[in-house]
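Position in the sequence shown (first residue = 1) + 29 = the working numbering.
We put the beta carbon where it would ideally sit given N, CA and C, even for glycine.
Since the model is a prediction, treat every value here as computed from it, not as a measurement.
As structure tokens, the structure follows; a few thoughts come after it.
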Amino acid sequence: MAGKADLVIVNGKVLTMDPRHPRAEAVALAGGVILAVGSTAQMRDLAAPDARVIDAAGGTVMPGLIDSHVHLFQGSAALEFMAMEGVETAEDAARTIRAYADANPNEPMILGTGTAYGLMDGCNPTRHDLDAILPDRPMALLSPDIHTLWANTMALEAANLLHGAPVPEGSVIVMEGGTATGELQETGAFGPVLTLSRTGGRDMLGYVTGAEPEPPATEAERAADRALIARGLAHAASHGITTMHNMDGNFYQLELLSDLDAAGDLKCRMQVPFHLKNYDPLDRLEEAAEMRRLYTGDRVWSGRVKMFMDGVLDTHTALMTRPYPGTNTIGEPVFEPDHFNAACVRADAMELQLSVHSIGDLATRRTLDGYAAAREANGTRDSRHRIEHIEVIHPDDLPRIRRLGAVASLQPRHSPLGDYFPLLPQGTLLHDDQYPYAYAWQRIRDTGAPVIFSTDWPVIPVDAMRNIQCAIAPLQPGAPWDVRPQTLTDTLASYTSGNAWVEFNEGRKGQLVAGQMGDVVIMDRDLEACAPDAIHAARAMVTICGGSITHAA
Numbered sequence: 030m031a032g033k034a035d036l037v038i039v040n041g042k043v044l045t046m047d048p049r050h051p052r053a054e055a056v057a058l059a060g061g062v063i064l065a066v067g068s069t070a071q072m073r074d075l076a077a078p079d080a081r082v083i084d085a086a087g088g089t090v091m092p093g094l095i096d097s098h099v100h101l102f103q104g105s106a107a108l109e110f111m112a113m114e115g116v117e118t119a120e121d122a123a124r125t126i127r128a129y130a131d132a133n134p135n136e137p138m139i140l141g142t143g144t145a146y147g148l149m150d151g152c153n154p155t156r157h158d159l160d161a162i163l164p165d166r167p168m169a170l171l172s173p174d175i176h177t178l179w180a181n182t183m184a185l186e187a188a189n190l191l192h193g194a195p196v197p198e199g200s201v202i203v204m205e206g207g208t209a210t211g212e213l214q215e216t217g218a219f220g221p222v223l224t225l226s227r228t229g230g231r232d233m234l235g236y237v238t239g240a241e242p243e244p245p246a247t248e249a250e251r252a253a254d255r256a257l258i259a260r261g262l263a264h265a266a267s268h269g270i271t272t273m274h275n276m277d278g279n280f281y282q283l284e285l286l287s288d289l290d291a292a293g294d295l296k297c298r299m300q301v302p303f304h305l306k307n308y309d310p311l312d313r314l315e316e317a318a319e320m321r322r323l324y325t326g327d328r329v330w331s332g333r334v335k336m337f338m339d340g341v342l343d344t345h346t347a348l349m350t351r352p353y354p355g356t357n358t359i360g361e362p363v364f365e366p367d368h369f370n371a372a373c374v375r376a377d378a379m380e381l382q383l384s385v386h387s388i389g390d391l392a393t394r395r396t397l398d399g400y401a402a403a404r405e406a407n408g409t410r411d412s413r414h415r416i417e418h419i420e421v422i423h424p425d426d427l428p429r430i431r432r433l434g435a436v437a438s439l440q441p442r443h444s445p446l447g448d449y450f451p452l453l454p455q456g457t458l459l460h461d462d463q464y465p466y467a468y469a470w471q472r473i474r475d476t477g478a479p480v481i482f483s484t485d486w487p488v489i490p491v492d493a494m495r496n497i498q499c500a501i502a503p504l505q506p507g508a509p510w511d512v513r514p515q516t517l518t519d520t521l522a523s524y525t526s527g528n529a530w531v532e533f534n535e536g537r538k539g540q541l542v543a544g545q546m547g548d549v550v551i552m553d554r555d556l557e558a559c560a561p562d563a564i565h566a567a568r569a570m571v572t573i574c575g576g577s578i579t580h581a582a
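Right, dumping it as structure tokens:
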């Protein structure tokens, strides 16, 4: 029957994310889009005789969550590789690694993910430490932030890194006495090791080089990769996610996702960027334009360029305005300023959106300088260029984000004020006067700059509710921290309507409004009634993407 709903959600606490009509009780969908929002009685009246009716039973009903910073292929693979989360001592590491190796005798290289810094009782592992655990098989352990890898001797030898090798600027093979210690910092150093894994490193290519598999993947490998990604998409949907913005990319991933979409197996909408490395000629940006031309749908699309400005705090590779306490290093720039500015100017002139990884305060300053250079060269436009992470910002740069029309893309659970990573010991990574400007989400929001939230899966799990809790109920460790919690309303908007806006889809998704995409999540409880420090327990009861149920608990 024309104009009738084929799916109705009733008895909910509906948060529409539409400030004109913020709350309702029920939602009706038809043909994959929102038909109407209103009372339970009204929506029941709109239902076709054969419509599916879902009773939300008082749970929050809101737009499907948009995770605006993930690494889908890596996250999918991490679900199957050796999990090192929660392993924090040498004894636990040995037990975990040997058990996994025994259970996976045919694994070409044992690859652990989520490996804590300081794993070996406070020290990072060396190849000798790993050899003592597993001497006769290649093994490597990835850090949670995916910026450091520790490899045993067999893995280093197989990757031709044991005696060092040339690496791009910003990457380091840590050496001692002419041989590698086993610590490899940044993708340019550890990329060769990843090719030894079960996936042949294809899951990391969009992150390590942004290039295509070479030699091209066989049909068997493509089928295995499609199946791997499909499992990752289903996992994300189980957390209420209906859209993800990938932060690494190549044509290969776009092809796999398009194949899944054609087969009806794409449970989340996906945006995939072009990844420009510091050693790439700027002419490679033509590939980004080709991605945008070829992939323009609502379910798989491109149009964005990803770059890295620096590394991470833990290895002193995040780029800082002054040396780390007790050191003479300010970190490692990935792009030199003139090179980065030229890349920004060229990409912006092509009307491509930019996403730049920026952890340290000098990295953020230089990223903003690049965006300013693009504006000066090309004129002001609604670019919505993004700065990813901003773990430390200099107070002088706070107002520049809004002034330059940029977007702060932040991950609350990255912060040691959450429940995942340890607190930063005072006097080690930050100077005391930098603490108030570390993970300064509310300070950034107070300037009027757009703030969006995401997980950076698999750096942290793709569990939106735990991420949300870290924003609204962060730890309060006292001086020198100056912690300012987010409101639940702002946080949910940063996960829904804000993330739709940053992908230029405002008015089309991210709100429960008639005519918008039928992307909805039904939570198993009323989020507004939850204590802030208990919201992590909330779970997606039903996830709906484009009117189709992609997850049901």
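- Item | Nearest to Gly269 (by Cα), restricted to the options Val491, Tyr400 and Val82 | Val491
- Item | Helix, strand or coil at Ser68 according to DSSP, with G and I counted as helix | coil
- Which residue comes first and which comes last in the beta strand (DSSP E) that contains Gly141? Residues Ile139 to Thr142.
- Cut-off 6 Å between Cβ atoms - residues of its own chain near His182, not counting five sequence neighbours on either side: Reading off the sequence shown, one finds Thr at residue 182, where the question assumed His. Counting only Cβ-Cβ distances below 6 Å, and skipping sequence neighbours, we find Arg156 and Asp160.
- Task: Name, in chain order, the residues that DSSP records as bridge partners for Lys42.
- Result: Thr89
- Three-state secondary structure (DSSP) at Val620? An answer regarding residue 620 cannot be provided, because it is not within the stretch 30 to 582 covered by the chain.
- Item | Nearest-angstrom Cα separation, counted from Gln455 out to Asp461 | 7 Å
- Message: Suppose only complete runs of 4+ residues qualify. What are the alpha helix (DSSP H) ranges in the region 489 to 555, listed by chain order?
- Response: 493 to 501, 517 to 524 and 526 to 531
- Query: Where does Asn275 fall in DSSP's three states?
  - Reply: strand
- Item | Alpha carbon of Asp158 to alpha carbon of Ala169, nearest angstrom | 12 Å
- Message: Looking at Pro637: is its Cβ nearer than 9 Å to the Cβ of His274?
- Response: As shown, the chain starts at 30 and ends at 582. That puts residue 637 outside it, with no answer to give.
- Is it the case that the Cβ atoms of Ile95 and Glu365 are separated by a distance below 9 Å? no
- Message: I want to check one thing, is the minimum distance from the CB of Arg298 to the heavy atoms of the ligand NAP below 8 Å?
- Response: Absence of the ligand NAP is noted for the structure shown, with no ligands found whatsoever.
- Item | Inter-residue Cα distance where the pair is Asp411 and Ala493 | 28 Å
- Leaving out five residues on either side along the sequence, give the residues of the same chain with a beta carbon under 6 Å from the beta carbon of Asp232. Non-local C-beta neighbours of Asp232 in its own chain, meaning closer than 6 Å and more than five positions away in sequence, comprise Phe102, Gln103 and Ala106, ordered along the chain.
- At which residues does the alpha helix (DSSP H) containing Met183 begin and terminate? Residues Thr182 to Ala187.
- Can you round the beta-carbon distance between Thr271 and Thr572 to whole angstroms, since I take them to be within the 8 Å contact cut? Contact between Thr271 and Thr572 holds: their C-beta atoms lie close to 6 Å from each other, under 8 Å.
- Message: Once the 5 residues before and after Asp277 are set aside, which same chain residues still bring their CB inside 6 Å of it?
- Response: His100, Gly235, Tyr236 and His304
- Item | Per DSSP, cross-strand counterpart(s) of Trp470 | Paired residues: none, contrary to the question.
- Query: Taking Asp448 as the reference, which of Ala467, Cys499 and Pro487 has the closest Cα?
  - Reply: Cys499
- Best match in Ala502, Ala392, Leu517 and Trp470 for proximity to Pro479 [C-alpha to C-alpha]: Trp470
- Close-in-space but distant-in-sequence residues of the same chain around Gly575 (CB under 6 Å, 5 per side omitted): Gly61 and Gly547
- To the nearest angstrom, report how far apart Ser387 and Phe337 are at their CA atoms. 7 Å
- Query: Under 9 Å, do Ser331 and Leu383 count as touching if we go by C-beta distance?
  - Reply: no
- Message: Which same chain residues end up closer than 8 Å to Ala34 when comparing Cβ atoms and leaving out the 5 residues on each side of it in sequence?
- Response: Ala57, Leu58, Ala59, Leu64, Ala65, Met72, Leu75, Ala76, Ala77 and Ala80
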